[in-house]
Amino acid sequence: MSSETKQILTTDGIPLEVSLKKAERKNKIKAFLLVAPLLFFLIITYVFPIGDMLFRSVDDKMVTQMLPKTFKAMENWDGQELPEEEVFAAFHEDFIKLVEDKREGKLSTQLNYTKNGFKSIIKKLRRASKKFEEGNYKEQIMSVHKRWADVEYWRAIQRRAPEFTGQKYLKGMDMYVNEEGKIVSVSEDRRIHRVLWLRTLEIAFFVTVFCFLMAYPIAHLLATLPMKYSNLLMICVLLPFWTSLLVRTASWMILLQQQGIVNDFFVGIGLVADDNRPEMMYNKTGSYVAMTQILLPFMVLPLYSVMKTISPSLMRAGKSLGGTPFVAFWKVYFPLTIPGIGAGCLLVFILAIGYYITPALVGGASGTLISNQIAFHMKSTLDWSFASAMGLMLLTGVLVIYWLYNKIVGIDNIKLG
Amino acid sequence: MALPKYTEPHYRIWHYIYLTICGAVFFFLIAPLFVIFPLSFNAEEFLSFSDGMKSLDPDAFSLRWYKDMIYGTKNPWGLAAKNSFIIAIFATIGSVLLGTVAALGLSSRHMPYKGLIMAVLISPMIVPLIISGVAIFFFMAKAGLAATHTGIVLAHIILGTPFVVITVTATLSGFDHSVTRAAASLGSDPVNTFMKITLPLILPGVISGGLFAFVTSFDEVVVVLFLAGLENTTIPIQMWTGLREQLSPTILAVATCLIILSTLILVTAELLRRRSERLRGINR
Numbered sequence: 000m001s002s003e004t005k006q007i008l009t010t011d012g013i014p015l016e017v018s019l020k021k022a023e024r025k026n027k028i029k030a031f032l033l034v035a036p037l038l039f040f041l042i043i044t045y046v047f048p049i050g051d052m053l054f055r056s057v058d059d060k061m062v063t064q065m066l067p068k069t070f071k072a073m074e075n076w077d078g079q080e081l082p083e084e085e086v087f088a089a090f091h092e093d094f095i096k097l098v099e100d101k102r103e104g105k106l107s108t109q110l111n112y113t114k115n116g117f118k119s120i121i122k123k124l125r126r127a128s129k130k131f132e133e134g135n136y137k138e139q140i141m142s143v144h145k146r147w148a149d150v151e152y153w154r155a156i157q158r159r160a161p162e163f164t165g166q167k168y169l170k171g172m173d174m175y176v177n178e179e180g181k182i183v184s185v186s187e188d189r190r191i192h193r194v195l196w197l198r199t200l201e202i203a204f205f206v207t208v209f210c211f212l213m214a215y216p217i218a219h220l221l222a223t224l225p226m227k228y229s230n231l232l233m234i235c236v237l238l239p240f241w242t243s244l245l246v247r248t249a250s251w252m253i254l255l256q257q258q259g260i261v262n263d264f265f266v267g268i269g270l271v272a273d274d275n276r277p278e279m280m281y282n283k284t285g286s287y288v289a290m291t292q293i294l295l296p297f298m299v300l301p302l303y304s305v306m307k308t309i310s311p312s313l314m315r316a317g318k319s320l321g322g323t324p325f326v327a328f329w330k331v332y333f334p335l336t337i338p339g340i341g342a343g344c345l346l347v348f349i350l351a352i353g354y355y356i357t358p359a360l361v362g363g364a365s366g367t368l369i370s371n372q373i374a375f376h377m378k379s380t381l382d383w384s385f386a387s388a389m390g391l392m393l394l395t396g397v398l399v400i401y402w403l404y405n406k407i408v409g410i411d412n413i414k415l416g
Numbered sequence: 000m001a002l003p004k005y006t007e008p009h010y011r012i013w014h015y016i017y018l019t020i021c022g023a024v025f026f027f028l029i030a031p032l033f034v035i036f037p038l039s040f041n042a043e044e045f046l047s048f049s050d051g052m053k054s055l056d057p058d059a060f061s062l063r064w065y066k067d068m069i070y071g072t073k074n075p076w077g078l079a080a081k082n083s084f085i086i087a088i089f090a091t092i093g094s095v096l097l098g099t100v101a102a103l104g105l106s107s108r109h110m111p112y113k114g115l116i117m118a119v120l121i122s123p124m125i126v127p128l129i130i131s132g133v134a135i136f137f138f139m140a141k142a143g144l145a146a147t148h149t150g151i152v153l154a155h156i157i158l159g160t161p162f163v164v165i166t167v168t169a170t171l172s173g174f175d176h177s178v179t180r181a182a183a184s185l186g187s188d189p190v191n192t193f194m195k196i197t198l199p200l201i202l203p204g205v206i207s208g209g210l211f212a213f214v215t216s217f218d219e220v221v222v223v224l225f226l227a228g229l230e231n232t233t234i235p236i237q238m239w240t241g242l243r244e245q246l247s248p249t250i251l252a253v254a255t256c257l258i259i260l261s262t263l264i265l266v267t268a269e270l271l272r273r274r275s276e277r278l279r280g281i282n283r
């Protein structure tokens, strides 16, 4: 038998293998074309803009564009001694142009971020530069103020030459680059962002723990009760799940206020004195209580869907083999629910770490999270590049958890309702 | 959950403790919603139960805040409700169309890079809303769509599609593909097959995904806060502003209406889920 006859041919005379591959490719393209509209829509309106955030967060072209000639002249400067006349002349040329465009104020603000003391000497330079004579700019500029003759200030300008910077990320961790180019932390009383990051992690962690502790028993009850009762109780989980977040936050604001129902109840049973009602809102307690209740359904539903699949005969078998109910639960039932625990905990943690609305309303100053800081910089200070940098730092954390979630649970296993 | 007769006393005690804990958790979940309801009928301006309300005096209750919600001067709720419904309806239509078609592709066993693509499609649900808000704002500002209804609708389509993709893929996972092959062998073209065979079978999943998309858009506040101008105000924005400035009973009247709406949606979603499970032959 020759090798050619071994090849199986279709009726068209094409080898079967080729024909099958062709059909396979056609199916692949068909499937992809169905996904394509949504995929491209999301890439353009969502994935690229997130990439744009990355670009904005490191973008530092402002000074680079204001002093193009200076930085070109500075390329040969080693930064040890004061720069040569050539650099001063280029700086003068750039500066005159900025004064003409009335943009020297922006330059002074920007340079002041890098080193304090630029504001006043740039003002002085603007006034003096009107009377400058041609040539020997080094002498003339240095005579305006003694700081212009200080090499430290020229080094500070040089540090703004790169178009990209990581300083917003450092600022997000309360660090900065000092004069020697080393990365150091800001003084202890000014470390506001680290406090926020830690608090975000702390609140997300404890909310997850509380949700787990509360959700496990009721998910178990829902999974083991007869259908007609569990359907009724399921409403208690699903109604909050479908209700507007703002409505639920509003109800907690009513409950937790100082003259509110929870405090009335505490006074009524004599737990606290009427004139000494505790603050339960506008602090961490408010964030904890409201977030736990709001996120609880996200823990119950995955736990329930896993527990529903566990056969009750397993527990009976465990007990019949001599285990007490506690041993049977711990050795048989609990390990089987671990996938549900993983899914629920990761979901709640991811949602809690990025929470914004509820902490903003009931958290006060001590109960706000990193999201609130991002919103603050987007809306109030308009430091969008800093907001982007912090957003991306948060996003990185979430994506790591998302990746874990995908590894452990699989995205296709997310269930809703 | 009756205990067998032979249960030992300390397990019996433990069982009742367990039931008490469950009861307390259910109470914690559902009770806050029921606080809003009576307080929205308060005749007075306070957000706590007056003595009259506690003694069920009919004069302590009134529809005052509902009237204020509907007829109040300089009342923002009419415009907000109109905007919210328009935006939510268009966002739902967009999400359902894009999401269902994508789910069909994703459920095909020929789909290349399934995991990666699924991860991208689901990401708007996982990424914290504040980050989505910032990113979408940058895009809409560049595209000139900030402070327009179109921009908000597009943003809500982004946020709503993951829910449709998830519910429809779940419905399709139990889908018997031999029925579409049977249709094709009887001479039906793909579009006809989809409309006559596939769609009716996956419809419960499509509708419940649509409900999720609707609720997502209707409740969404973080992204809208970045995008909306004065003309585009929605119910969540008005509630947010109201809650930040001063908690007025009018907000509770609105909240009561929203709870009624969410109850209706919950009932619809539950009925659909059961129908879908029956159709797919999942026995419970």
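Taken in sequence, the protein lines are chains W and B. Using numbering that gives the first Met the number 0, the letters of the first sequence map in sequence onto residues 0 to 416. Using numbering that gives the first Met the number 0, the letters of the second sequence map in sequence onto residues 0 to 283. Just so it is clear, CB atoms sit at the ideal spot from N, CA and C, and this is done for glycine as well.
Work out the CA separation of Leu106(W) and Leu229(B) for me, nearest whole Å.
35 Å
Run through DSSP, which three-state label would Ile13(W) get?
coil
Near Pro123(B), what residues of its chain come up, given a Cβ to Cβ distance below 8 Å and the 5 sequence neighbours on each side ignored?
Ser131, Ile157, Leu158, Thr160 and Pro161
First through last residue of the beta strand (DSSP E) which encompasses Met252(W)
Not the beta strand (DSSP E): Met252(W) falls in the alpha helix (DSSP H), residues Leu244 to Leu255.
Less than 8 Å separating the beta-carbons of Ile140(W) and His91(W)?
yes
Using alpha carbons as the reference points, say which of Asp51(W), Asn262(W), Asn275(W) and Cys235(W) lies closest to Ala218(W).
Cys235(W)
Boundaries (first-last residue) of the beta strand (DSSP E) holding Ile182(W):
Ile182 to Ser184
Within its chain, find whatever has a CB closer than 7 Å to the CB of Ala289(W); leave out the 5 residues flanking it on each side and keep chain order.
Thr248, Trp251, Thr357 and Val361
Given 8 Å as the limit, is there contact between the segment 70-84 of chain W and the segment 146-153 of chain W, that is, 3 or more CB pairs closer than that?
yes
Tell me which residues of the segment 240-264 of chain B have at least one Cβ-Cβ distance to chain W shorter than 8 Å, keeping chain order.
Leu242, Arg243, Leu246, Ile250, Leu251, Ala254, Leu257, Ile258, Ser261, Thr262 and Ile264
May I ask which residues mark the beginning and end of the beta strand (DSSP E) holding Val176(W)?
Met174 to Val176
DSSP on Asn115(W), reduced to helix/strand/coil?
coil
Three-state secondary structure (DSSP) of Asn135(W):
coil
Leu398(W) vs Met52(W) beta-carbon contact at 8 Å:
no
Cβ of Tyr10(B) less than 8 Å from any chain W Cβ?
yes
Starting from Trp329(W), find everything on chain B with Cβ-Cβ shorter than 8 Å and list it in chain order.
The premise fails here: Trp329(W) is roughly 14 Å from chain B at the closest Cβ pair, so nothing lies under 8 Å.
What in chain W is Cβ-close to His176(B), meaning under 9 Å?
The contacting residues do not exist; His176(B) stays about 12 Å from chain W at best.
When the Cα atoms are used, what is the spatial distance from Phe325(W) to Thr308(W)?
20 Å
So, helix, strand or coil for Asp58(B), using DSSP?
helix
Which residues in chain B sit within 8 Å of Arg423(W), going by Cβ to Cβ distance?
The question about residue 423(W) has no answer, for chain W in this structure spans 0 to 416.
Taking just the CA atoms, how far does Tyr287(W) sit from Glu219(B)?
22 Å
Going by DSSP, what residues sit across from Phe163(W) in a beta bridge?
Asp58(W)
Out of curiosity, what's the CA-to-CA distance linking Glu276(B) and Thr232(B)?
39 Å
With a threshold of 8 Å between beta carbons, is Ala118(B) in contact with chain W?
yes
Short of 8 Å in beta carbon distance, which residues of its chain neighbour Gly416(W), apart from the five on each side in sequence? Order them along the chain.
Because the pLDDT of Gly416(W) is 44, which lies under 50, any placement of that residue in the model is unreliable, and the question is left without a value.
Going by C-alpha distance, which of Leu270(B), Phe25(B) and Ser61(B) is nearest Leu210(B)?
Leu270(B)
Would you say Ile157(B) lies against chain W (beta-carbon separation less than 8 Å)?
yes
Beta carbon proximity, Trp76(W) to chain B, threshold 8 Å:
no
Nonlocal neighbours in the same chain, by C-beta distance under 7 Å from Arg125(W), ignoring five residues either side
Val98 and Glu103
Would you mind reading off the limits of the alpha helix (DSSP H) that contains Pro338(W)?
Phe333 to Ile352
Amino acids of chain D, ordered along the chain, whose beta-carbon sits closer than 8 Å to that of Asn26(W)
No chain D is present in this structure, whose protein chains are W and B.
Which residues of chain B have a Cβ atom closer than 9 Å to the Cβ of Asp51(W), listed in chain order?
Ala134, Phe137, Phe138 and Lys141
Using a 10 Å radius around the Cβ and a threshold of 16 neighbouring Cβ atoms, would you call His316(B) buried or exposed?
It is not possible to answer for residue 316(B), since the shown part of chain B is limited to 0 through 283.
Chain W partners of Tyr17(B), CB-CB under 9 Å?
Pro216, His219 and Leu220
Strictly below 9 Å CB to CB, what residues from chain W border Thr160(B)?
Leu37, Phe40 and Leu41
Going by DSSP, which residues form a beta bridge with Leu8(W)?
Pro14(W)
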